[in-house]
Structures are given as structure tokens and as C-alpha cells.
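Since the structure comes first, as C-alpha cells, the remarks are kept for the end.
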Amino acid sequence: MTSLKKLFDNNKVWSDNVKEKDPEFFSNLSKQQTPEYLWIGCSDSRVPATQILNLQPGDIFVHRNIANQALHSDFSCLSVIQYAVEALKVKHIIVCGHYGCGGVMASMGDDDLGLINHWLQNIKTVQRFHAEELNSITDHQEKVNRLCELNVVEQVRNICNNSVVQNAWKSGQQLTVHGLIYSLADGILKDLEVSVDGSNQ
Ligand code: CO
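Heads up: the sequence shown at position 159 corresponds to 149 in my numbering, and the numbers run straight through without jumps.
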């Protein structure tokens, strides 16, 4: 059996470094979490929320899945949204996609990927909704990247229709849903400017 020694060693170094900078860090954080943000992002190893936002443990509540989807049939994502909005009272829900997303690319093909094909079905629907625009793009990579953006916009809409989010807005809770996209090529986030805060839904 191969071991996880490297990871345990890394963890010890990290923990020691954090404690050196702030001896109270873990004891303070272990008492409660009060993140202001919920992040719904892709599982892609190159898009780790806390790191790319230069935040610390405790700053952001995270849900990740293949191709950053927020589907009404996904109890895991729905539960995360409910807990984040009702219990943690996050002020922002961020859907973040990334250019060159493998899940989005796979949804454009016909390969038999088993269960993943079912998971990506929703993105095929997004593609159908926007067929005219997407078909006008001749460059394949550009087409993939535009679908990555459109997928984020659709997930923002899904979240805005979520009853937990709707109820939060009705009760006057401060909550904004945002759509962002990340570039693997330069590490920069872009705001897709589709933010909704309940007053403009
Ligand atoms: Co991805």
C-alpha cells in the first residue's frame, strides 16, 4: 500500500506555519465559522477557491462538482445552498466556471462517459438554448469558452429560482448571486456581470 506520507508531512508544515503567524488561529476558528461567501465551482484541481481568492480557512463555504452546476435535482448542492443561506447567512453566492472546462468540453461531444454523461446533460440543454450564438462561433476553443460562460449564467439563474434563495430575498436578507469565470492561463477571475440581489431578479 502506498502511503500519504507526503500529505501528512505537508500538513504538519502548513499547520506549524499558520500557528507561527497566529498562535490563536486554530483555536479561534474551531469555535465557529462565519464565511461571507458560498462558492460553487468546478472540481478541477486547478481552481481551488480559497487559494485563488487569497483567502484563509473560514472565509468561504465551498461546493464543487464537475462543471460547477447548481441543479435542482442535486441534493448535495441544494443542501449546501440551504445551509449557507439559512444557517451561515452568507452575503454572496458565487458560481465560478473556468475556461477550458473538461466537463463543458465533454458535454459537447458524443463519447460514452457513463454516469458523467447524465451529469453533463444539463449543459447540453444550455448549449441547445444558445445554439444560434454558439453555432456562429467557428473556433472550437472559443466555442468551448463561450459555453463555459453561458453555463455559469444558467447556474446563476437556477440559484435565483431556488426557494431558499427566494425566501431569503422575501424576508429582506442581504444576498447577492454572482457569476464569475476563471482563466487557467493567467489565474485571473472575470465578473460576468450577471449579479442578482433580489431587487433586480
Ligand atoms: Co471544469
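We put the beta carbon where it would ideally sit given N, CA and C, even for glycine.
For the pair Ser63 and Ile83, the Cα-to-Cα distance works out to about 19 angstroms.
A Cβ-Cβ contact shorter than 8 angstroms links Ile171 with Cys138. Assignment of Asp181 by DSSP, reduced to helix, strand and coil, places it in the strand class.
Straight through space, the alpha carbons of Asp(-1) and Asp181 are spaced by roughly 37 angstroms.
Counting only runs of at least 3 residues, the region 106 to 176 fully encloses the following beta strand (DSSP E) elements, listed from N- to C-terminal order: 166 to 172. Inter-residue distance for Gly93 and Cys86 is about 14 angstroms (C-alpha atoms, whole angstroms). Closest option to Val70, judged by alpha-carbon separation, among Ala158, His53 and Ala57: His53. Every residue whose Cβ sits closer than 6 angstroms to any heavy atom of ligand 1 is listed here in chain order: Cys32, Asp34, Ala57, His88, Cys91, Gly92 and Gly93.
Distance check between Gln156 and each of Pro47, Ser189, Val143 and Gln131 places Ser189 closest, using alpha-carbon atoms only. Inter-segment contact for the region 129 to 137 and the region 162 to 170 is absent: fewer than three beta-carbon pairs are separated by less than 8 angstroms.
By the Cβ-count criterion, Asn58 is buried, with 16 or more other Cβ atoms from all chains shown falling within 10 Å of its own Cβ.
Counting only unbroken stretches of 3 or more residues, the beta strand (DSSP E) elements lying wholly within the region 30 to 94 are 50 to 55 and 82 to 88, in sequence order. Between the alpha carbons of Gly104 and Leu174 lies a distance of about 27 angstroms. Leu(-3): member of the alpha helix (DSSP H) spanning Lys(-5) to Lys11, first to last residue.
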